[in-house]
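Shown next, in structure tokens, is the structure this report addresses.
Residue numbers (this note's numbering): 80 to 421.
This is the structure we're talking about:
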């Protein structure tokens, strides 16, 4: 089945008015989920929450070796499948000698079709933040290539995590757009909702695995969502915090020096965050005539992040930690609506 994947990366986060959730629904038995994903693995690299070395992580799905997990949160979001921890942007090679010498540039754009099953609503909302950053003009071609070839099967949350405050930011516990298919756990079955035309096509290709939902199952799905909204009651005064941050007395408060004493200056908070998108670029000399331009994750918490020739605009860890808080609670929300409560 051919799809216009170029357009998908630009519009996939927008609600599809023709196929909004609850207009097209099916039921899938849990014991047929592996079969469903296995059939899709012929067209996609399927990623799912899987236990690896005692940790729940997103990893490649293997029907013979993978045990899918329906409960709990992964240690990390699937951000790396759209924005890898490190990647080669392009290679330039000097060819020929003398007057025939030339520089040949080979760009490395992903052409892999990816399907991510089990992404949680908060992590799905994080993709919207990454989209806003990387797809704003001029769009990042490397992110755009991966984004256009990635489909999301969201798994709505039935139980709150200990530290989750997604409802404070309307980032969960249920997703309402931005996905191809949405899964709600009914116990022995999933209520599956279509969120896009691509999702509808993929479901119809494997229609023999699904059943029509009874009215009682639809009602159970609705009641689960209402129950979850009440269970996810960990609220933070985000609006009050955002309103106070611009004031000088907050910017220059001694609280920043107190809080930074807890910081280990490792950058991990940036790397595990589903919306952090800072990176650095280096040219790596492979041979005398071949150079690779590499991009890798960076963190605003590391001193080298703002180091320029003869100057560092944020020389102290106090300034860097303060910037992180402002970025999360003021800069990103004001520009990209970019806080999730994960």
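A virtual CB, placed ideally from N, CA and C, is assigned to each residue, including glycine.
Inter-residue CB distance, residue i and residue j (contact presumed, cutoff 8 angstroms)
{"i": "residue 232", "j": "residue 195", "result": "7 angstroms"}
{"i": "residue 317", "j": "residue 248", "result": "6 angstroms"}
{"i": "residue 260", "j": "residue 199", "result": "The pair is not a contact, with the Cβ atoms about 14 angstroms apart (cut-off 8 angstroms)."}
{"i": "residue 147", "j": "residue 127", "result": "6 angstroms"}
{"i": "residue 353", "j": "residue 165", "result": "At roughly 18 angstroms, the Cβ-Cβ gap does not stay under 8 angstroms, so residue 353 and residue 165 are not in contact."}
Enclosing beta strand (DSSP E) for residue i [first to last residue]
{"i": "residue 181", "result": "181-186"}
{"i": "residue 207", "result": "No beta strand (DSSP E) contains residue 207, which is instead part of the alpha helix (DSSP H) from 200-213."}
{"i": "residue 287", "result": "Note, residue 287: premise wrong, no beta strand (DSSP E); not H, not E."}
{"i": "residue 115", "result": "No beta strand (DSSP E) holds residue 115; the alpha helix (DSSP H) holding it covers 112-119."}
Assigned exposure category for residue i - 16 Cβ within 10 Å defines buried
{"i": "residue 469", "result": "There is no way to answer for residue 469, as the model of the chain reaches only from 80 to 421."}
{"i": "residue 188", "result": "exposed"}
{"i": "residue 100", "result": "Reliability of the predicted coordinates at residue 100 is poor, the pLDDT of 48 falling under 50, and the value obtained from them is presented with this limitation in mind. Looking at its Cβ environment, which holds 16 or more other Cβ atoms inside 10 Å, residue 100 is buried."}
{"i": "residue 349", "result": "buried"}
{"i": "residue 206", "result": "buried"}
{"i": "residue 303", "result": "buried"}
{"i": "residue 262", "result": "buried"}
{"i": "residue 228", "result": "buried"}
{"i": "residue 94", "result": "Note that residue 94 has pLDDT 46, beneath the 50 cutoff, so the model's placement of it is unreliable and the number below is only indicative. Looking at its Cβ environment, which holds fewer than 16 other Cβ atoms inside 10 Å, residue 94 is exposed."}
{"i": "residue 392", "result": "exposed"}
{"i": "residue 245", "result": "buried"}
{"i": "residue 224", "result": "buried"}
{"i": "residue 363", "result": "exposed"}
{"i": "residue 268", "result": "buried"}
{"i": "residue 105", "result": "buried"}
{"i": "residue 401", "result": "buried"}
{"i": "residue 277", "result": "buried"}
{"i": "residue 254", "result": "buried"}
{"i": "residue 202", "result": "buried"}
{"i": "residue 395", "result": "exposed"}
Alpha-carbon spacing of residue i relative to residue j, whole angstroms
{"i": "residue 279", "j": "residue 265", "result": "21 angstroms"}
{"i": "residue 256", "j": "residue 274", "result": "6 angstroms"}
{"i": "residue 325", "j": "residue 331", "result": "10 angstroms"}
{"i": "residue 292", "j": "residue 130", "result": "31 angstroms"}
{"i": "residue 408", "j": "residue 357", "result": "16 angstroms"}
{"i": "residue 172", "j": "residue 214", "result": "29 angstroms"}
{"i": "residue 120", "j": "residue 139", "result": "10 angstroms"}
{"i": "residue 250", "j": "residue 311", "result": "11 angstroms"}
{"i": "residue 365", "j": "residue 185", "result": "14 angstroms"}
{"i": "residue 181", "j": "residue 361", "result": "22 angstroms"}
{"i": "residue 368", "j": "residue 183", "result": "10 angstroms"}
{"i": "residue 154", "j": "residue 210", "result": "22 angstroms"}
{"i": "residue 320", "j": "residue 338", "result": "16 angstroms"}
{"i": "residue 161", "j": "residue 193", "result": "9 angstroms"}
Residue i: first and last residue of the uninterrupted alpha helix (DSSP H) it sits in
{"i": "residue 222", "result": "220-227"}
{"i": "residue 294", "result": "294-310"}
{"i": "residue 349", "result": "347-351"}
{"i": "residue 358", "result": "Counting along the chain, residue 358 falls outside any alpha helix (DSSP H), though it belongs to the beta strand (DSSP E) covering 358-364."}
{"i": "residue 321", "result": "317-323"}
{"i": "residue 330", "result": "327-330"}
{"i": "residue 403", "result": "396-405"}
{"i": "residue 216", "result": "Neither: residue 216 is in no alpha helix (DSSP H) and is coded neither H nor E."}
{"i": "residue 338", "result": "334-338"}
Any non-hydrogen atom of the ligand FMN within 7 angstroms of residue i CB
{"i": "residue 148", "result": "Among the components modelled here there is no ligand, and therefore nothing to report on the ligand FMN."}
For residue i: DSSP bridge partner residues
{"i": "residue 193", "result": "124 and 229"}
{"i": "residue 134", "result": "131"}
{"i": "residue 165", "result": "375"}
{"i": "residue 105", "result": "271"}
{"i": "residue 234", "result": "262"}
{"i": "residue 369", "result": "172"}
{"i": "residue 390", "result": "387"}
{"i": "residue 139", "result": "126"}
{"i": "residue 147", "result": "129"}
Within-8 angstroms CB hit, residue i to chain B
{"i": "residue 388", "result": "You won't find chain B in this structure, because it holds only one protein chain."}
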